[in-house]
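A.B. asks:
Protein chains: 2
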Amino acid sequence: MESFVFYNPTEVLFGQQQIARLAERIPADARILITYGGGSVIRFGTLDEVRQALHKHTFFEFGGIEPNPSYETLMQAVAAVKEHQIDYLLAVGGGSVVDGTKFIAAAACFTGDDPWDILSKQAPVERALPLSCILTLPATGSETNSFAVISRKSDHSKLAFASPRVYPQHAVLDPTKTYTLPERQISNGVVDAFIHILEQYLTYPVNAKVQDRFAEGLLLTLLEEGPRALATPTDYDIRANIMWSATMALNGLIGVGVPQDWSTHAIGHELTAAYGLDHAQTLAIVLPVLLDVQREQKKQKLLQYAERIWGLRDGKDEQRINKAIEKTREFFEMMRVKTHLADYGINAKDAAEKVVASLKRHHMTALGEHKDITPEVVARILLMA
Amino acid sequence: MESFVFYNPTEVLFGQQQIARLAERIPADARILITYGGGSVIRFGTLDEVRQALHKHTFFEFGGIEPNPSYETLMQAVAAVKEHQIDYLLAVGGGSVVDGTKFIAAAACFTGDDPWDILSKQAPVERALPLSCILTLPATGSETNSFAVISRKSDHSKLAFASPRVYPQHAVLDPTKTYTLPERQISNGVVDAFIHILEQYLTYPVNAKVQDRFAEGLLLTLLEEGPRALATPTDYDIRANIMWSATMALNGLIGVGVPQDWSTHAIGHELTAAYGLDHAQTLAIVLPVLLDVQREQKKQKLLQYAERIWGLRDGKDEQRINKAIEKTREFFEMMRVKTHLADYGINAKDAAEKVVASLKRHHMTALGEHKDITPEVVARILLMA
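This is the structure:
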């Protein structure tokens with residue numbers, strides 16, 4: 001096992017009727033900006049519930065944060081923070097709203113020239129506004145981590161930053177809030193979380209038994225509950241298990257002390273930036289081919305994955321790995337996320353060219369746990385996708 | 001799944017050479033009291049390493065905290081805190097030193113008449129000194145939780161308290177520090193951690209798949225690595241896996257949203273108070289019989305345990321449960337922790353009388369996840385032990 005630091009100070013309030021509890025935890029004299037996305041938190045009453053819980057607080061609202069939250073929109077929120085002298089942010093929505101709110105928190109306190117530097121130059125986040133969140137969509141894990149991914153429309157960039165200063169202080173996870181999600185968002189969320197786990201798990205073995213078994217436990221849970229969540233959308237336990245799995249998938253825990261390979265995400269981000277695909281769609285396209293191409297480097301863990309997740313114990317190594325990759329693809333399709341570029345009307349050659357060009361522009365030319373996923377390998381992956 | 005709050009702000013520094021890193025995190029102007037137990041941290045150089053790392057800090061030392069740390073000793077440390085105007089505590093040792101230091105942290109700031117009230121009356125901990133720890137013995141999980149168990153020699157009491165104010169700020173977990181532990185402490189540590197997990201796992205099902213699988217992952221890891229740790233004491237990965245399992249066993253994670261049954265601990269504490277047995281010895285005596293006696297109430301989870309941990313899929317329910325309990329007992333014996341009162345020269349009838357009397361004195365007359373482990377049931381368990 002490798003050495004590591006693990007720190008995660010977010011308080012999770014899990015279950016129903018937690019929004020009132022959250023309100024008690026926000027300082028009484030805070031000037032709050034509630035941030036949210038589209039209409040669903042209005043339509044299904046969550047925003048009203050938040051307003052009611054905060055009736056003794058001073059708060060303002062900022063809506064319209066889009067999926068793949070944009071720098072352009074978020075800088076409007078930063079202007080609102082300054083205008084209303086906001087000192088606390090409360091995100092209500094899915095990973096995009098939480099990610100966007102983390103950027104608002106950091107950008108509002110940024111003393112450099114342009115807050116975009118936090119993303120493009122990894123300028124340090126010296127200070128950030130405190131934030132909490134109420135999660136309505138289990139997927140990204142953003143609710144209890146220190147990462148955010150932000151897009152810029154003007155040049156089709158999609159970049160990430162991380163800082164311990166943007167951990168949410170409190171995160172409300174109420175499984176009933178996911179009952180009204182469109183099927184596509186649950187599909188995407190389960191696939192996104194599943195791939196987060198694989199990117200921390202499918203590298204090479206370092207004898208980290210706890211991390212491996214935790215990762216496998218989450219994978220098995222998503223495999224069991226994902227299809228059930230589509231079939232019976234208002235089953236509390238199914239939604240609770242998915243929600244908690246998605247949080248655990250990216251709160252740092254399964255990734256400590258082990259190598260990681262975030263190349264699927266890196267390639268996926270460029271696909272979203274170039275073609276506007278959903279985040280999870282890009283991952284479902286890239287991952288199966290990437291595992292195929294990197295099968296030698298990932299051999300030991302792929303065999304462990306084949307055995308412990310898919311019960312594949314017989315046949316040659318090669319066959320078990322093929323089967324495990326095939327079953328992974330089938331699971332994404334069963335979750336109703338298509339796994340080929342062609343399914344989205346995208347030409348593979350065009351994708352390879354565009355993605356390679358932007359990865360080079362973003363200096364991401366040595367991806368993967370061995371840094372051997374070069375632009376040439378990425379091109380090969382996309383041509384096979 | 002039940003609703004829950006999960007919060008764990010302790011920063012874990014895992015691996016070698018982390019003590020210097022910890023020193024950087026303690027405020028430069030802190031007045032530190034280093035707390036420790038017996039001679040092993042002196043003998044094996046850990047205390048020297050701490051002194052060196054803190055050479056720019058102001059620090060004092062307090063040694064002699066015993067296993068099952070006593071109120072009497074700890075109140076001497078509280079006097080030292082006051083004398084030297086200490087404002088930061090640094091525990092160096094195993095769970096007893098960490099537990100004891102948590103009590104010192106709370107008692108030093110206690111404004112009531114007698115800090116013993118924190119234990120006997122569960123007087124609220126309004127304030128506590130900040131503390132960190134350097135763990136040398138994987139077992140209790142105290143390094144990243146908010147619990148402590150303290151004994152009082154004068155009346156043979158052993159009681160617990162909990163407060164979010166006594167979470168260690170930072171915890172150094174260096175597996176190499178465990179190489180020099182006597183075999184008995186590793187044996188005890190593995191058994192203690194194993195039973196912590198079972199007490200959060202073997203109750204009744206609430207469809208909390210992540211918590212169940214995390215618990216199972218920890219159990220399997222301890223089963224594999226425990227005997228190996230006895231055979232090859234200086235294998236880094238084995239010790240690392242045990243250390244991380246023991247921390248995860250009681251950092252709150254596997255216990256959220258599920259029923260718990262701490263009756264084995266409650267009974268065990270009384271056995272230690274009455275006969276001076278090691279903590280883990282008492283648990284290894286009580287647990288197998290308790291599972292046997294409570295087999296109906298715990299049936300579903302016992303069957304899951306039998307299947308997922310011991311691979312028992314054939315035969316009648318009754319037989320699989322018998323076999324799982326038998327194998328659990330065998331594991332403790334393989335870890336060289338004896339599982340019968342007679343092995344320690346204790347008369348069962350005497351133990352039943354003494355333990356029942358003190359449980360009644362401590363108002364612990366309805367234990368277990370169903371509160372159906374009454375003094376009569378406890379007596380039955382001990383007579384069978």
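In order, the protein sequences belong to chains A and B.
Each residue of the first sequence is one higher than the one before, counting from 1 in full-length UniProt numbering.
Each residue of the second sequence is one higher than the one before, counting from 1 in full-length UniProt numbering.
Just so it is clear, CB atoms sit at the ideal spot from N, CA and C, and this is done for glycine as well.
Because the structure is a prediction, the values reported are computed rather than measured.
(1) Where does residue 386 of chain A land, buried or exposed, given buried means 16+ other C-beta within 10 angstroms?
(2) With 16 as the cutoff for other CB atoms within 10 Å, does A:P115 come out buried or exposed?
(3) Which chain A residues sit within Cβ distance under 9 Å of B:M1?
(4) Can you tell me the Cβ-Cβ gap for A:D174 and A:Q18, rounded? I've got them flagged as a contact below 8 Å.
(5) Just checking my contact of A:V210 with B:G63 at CB under 8 Å: how many whole Å lie between their CB atoms?
(6) Would you verify that the beta carbon of A:V210 is, or is not, closer than 7 Å to some beta carbon of chain B?
(7) In the segment 309 to 336 of chain A, which residues sit with their C-beta less than 9 Å from some C-beta in chain B, listed in chain order?
(8) Does any residue of chain B have a CB that is nearer than 7 Å to the CB of A:F6?
(9) What number of angstroms, rounded off, separates the C-alpha of A:S358 from the C-alpha of A:K349?
(10) Within 7 Å (strictly less), CB to CB, does B:P9 reach chain A?
(11) Nearest-angstrom Cα distance between B:T180 and B:S96?
(12) What would DSSP say about B:G39, mapped onto helix, strand or coil?
(13) In this structure, does DSSP put B:A123 in helix, strand or coil?
(14) Do we get a CB-CB distance below 7 Å when we pair B:G217 with the residues of chain A?
(15) How would you write the range of the alpha helix (DSSP H) that B:G93 sits in, first residue to last?
(16) In whole angstroms, give me the CA-to-CA distance for B:T374 and B:V258.
(17) Going by beta-carbon coordinates alone, are B:L22 and B:V172 separated by less than 7 Å?
(18) Counting only Cβ pairs nearer than 7 Å, list the residues of chain A close to B:L22.
(19) Does the beta-carbon distance from B:V289 to B:M364 come in below 7 Å?
(20) Residues in the same chain with beta-carbon distance under 8 Å from A:G112, minus the five sequence neighbours each way, listed in chain order, please.
(21) Do the CB positions of A:Q200 and A:I134 come within less than 7 Å of each other?
(22) Could you check the C-alpha separation between B:L119 and B:I150 for me, to the nearest Å?
(23) Quick one: what does DSSP say A:A134 is sitting in, helix, strand or coil?
(24) Mind pulling the chain B residues with CB within less than 7 Å of A:G252?
(25) Do the segment 271 to 290 of chain B and the segment 185 to 195 of chain B meet, that is, are 3 or more Cβ pairs less than 8 Å apart?
(26) Start and end of the alpha helix (DSSP H) containing A:R184?
(27) For B:Q300, which residues in the same chain have their Cβ closer than 7 Å to its Cβ, ignoring the five residues on either side in sequence?
(28) Compare the Cα-Cα distances from A:E307 to each of A:K316, A:R320, A:K298, A:E296 and report the closest residue.
(29) For A:R213, would you say it is in contact with chain B, using Cβ-to-Cβ distances shorter than 7 Å as the test?
(30) Are the beta-carbon atoms of B:A91 and B:L129 separated by less than 7 Å?
(31) Cα separation between A:A30 and B:A366?
(32) How is B:I242 classed by DSSP in three states: helix, strand or coil?
C.D. replies: Walking through what the data contain:
(1) Residue 386 of chain A is absent from the model: chain A starts at 1 and stops at 385.
(2) For this step, residue 115 of chain A is matched to residue 115 along the first sequence. A:P115 comes out buried.
(3) As a working note, residue 1 of chain B is residue 1 in the second sequence. By Cβ distance, chain A contributes F14, G15, P175, Y236, D237, A240, N241, W244.
(4) Reading the first sequence from its first residue, position 174 is the one you call residue 174 of chain A. Reading the first sequence from its first residue, position 18 is the one you call residue 18 of chain A. Yes, A:D174 and A:Q18 are in contact; Cβ-Cβ is about 6 Å, under 8 Å.
(5) Numbered from 1 along the first sequence, position 210 holds the residue referred to as residue 210 of chain A. Numbered from 1 along the second sequence, position 63 holds the residue referred to as residue 63 of chain B. With a Cβ gap of about 32 Å, A:V210 and B:G63 do not count as contacting.
(6) If you number the first sequence from 1, residue 210 of chain A lands on position 210. So yes, A:V210 belongs to the interface.
(7) none
(8) Locating residue 6 of chain A in the first sequence gives position 6, where the first residue counts as 1. With 7 Å as the cut-off, A:F6 counts as an interface residue toward chain B.
(9) Stepping through the first sequence from its first residue, residue 358 of chain A is reached at position 358. Stepping through the first sequence from its first residue, residue 349 of chain A is reached at position 349. Taking the straight line from one Cα to the other gives about 14 Å.
(10) In the second sequence, residue 9 of chain B corresponds to position 9, counting from 1. Chain A, which has a Cβ nearer than 7 Å to the Cβ of B:P9, makes this yes.
(11) On the second sequence, residue 180 of chain B is found 180 positions in, with the first residue counted as 1. On the second sequence, residue 96 of chain B is found 96 positions in, with the first residue counted as 1. Cα to Cα, B:T180 sits roughly 18 Å from B:S96.
(12) As a working note, residue 39 of chain B is residue 39 in the second sequence. It is coil, neither helix nor strand.
(13) Start at 1 with the first residue of the second sequence, and residue 123 of chain B comes out as number 123. Here B:A123 sits in coil by DSSP.
(14) The residue labelled residue 217 of chain B in the question sits at position 217 within the second sequence. Chain A, which has a Cβ nearer than 7 Å to the Cβ of B:G217, makes this yes.
(15) For the purposes of this step, residue 93 of chain B is taken as the residue at position 93 of the second sequence. Run containing B:G93: none in the alpha helix (DSSP H); it sits in the beta strand (DSSP E), 88 to 93.
(16) The count along the second sequence starts at 1 and reaches residue 374 of chain B at position 374. The count along the second sequence starts at 1 and reaches residue 258 of chain B at position 258. Computed Cα separation, rounded: 22 Å.
(17) Against the second sequence, residue 22 of chain B aligns to sequence position 22. Against the second sequence, residue 172 of chain B aligns to sequence position 172. Contact: yes.
(18) By 1-based counting over the second sequence, the position of residue 22 of chain B is 22. Correct list: empty, because the minimum Cβ distance to chain A is about 11 Å.
(19) Numbered from its first residue, the second sequence carries residue 289 of chain B at position 289. Numbered from its first residue, the second sequence carries residue 364 of chain B at position 364. No, these two residues do not count as a Cβ contact at 7 Å.
(20) Numbered from its first residue, the first sequence carries residue 112 of chain A at position 112. The residues are A123.
(21) Taking the first sequence and counting its residues from 1, the one referred to as residue 200 of chain A is at position 200. Taking the first sequence and counting its residues from 1, the one referred to as residue 134 of chain A is at position 134. No, the pair does not count as a contact, with Cβ atoms beyond the cut-off.
(22) Taking the second sequence and counting its residues from 1, the one referred to as residue 119 of chain B is at position 119. Taking the second sequence and counting its residues from 1, the one referred to as residue 150 of chain B is at position 150. Cα-Cα distance, rounded: 8 Å.
(23) Residue numbering aside, residue 134 of chain A sits at position 134 when the first sequence is read from its first letter. Residue identity check: residue 134 of chain A is Ile in the sequence provided, not Ala. Strand at A:I134.
(24) Along the first sequence, read from residue 1 onward, the residue named residue 252 of chain A stands at position 252. Correct list: empty, because the minimum Cβ distance to chain B is about 10 Å.
(25) yes
(26) Taking the first sequence and counting its residues from 1, one reaches residue 184 of chain A at position 184. Looking at the DSSP string, the run of the alpha helix (DSSP H) that includes A:R184 is 183 to 201.
(27) By one-based count along the second sequence, residue 300 of chain B stands at place 300. Counting only Cβ-Cβ distances below 7 Å, and skipping sequence neighbours, we find Y204, P205.
(28) Translated into the one-based positions of the first sequence, residue 307 of chain A becomes position 307. The shortest C-alpha separation from A:E307 is found at A:R320.
(29) Here residue 213 of chain A is taken as the residue at index 213 of the first sequence, counted from 1. Yes, because at least one Cβ of chain B sits closer than 7 Å to the Cβ of A:R213.
(30) As a working note, residue 91 of chain B is residue 91 in the second sequence. As a working note, residue 129 of chain B is residue 129 in the second sequence. No. Outside cutoff.
(31) In the first sequence, the residue the question calls residue 30 of chain A occupies position 30. In the second sequence, the residue the question calls residue 366 of chain B occupies position 366. Each residue's alpha carbon lies about 44 Å from the other.
(32) Counting from 1 along the second sequence, the entry for residue 242 of chain B is found at position 242. In this structure, B:I242 counts as helix in the three-state DSSP scheme.
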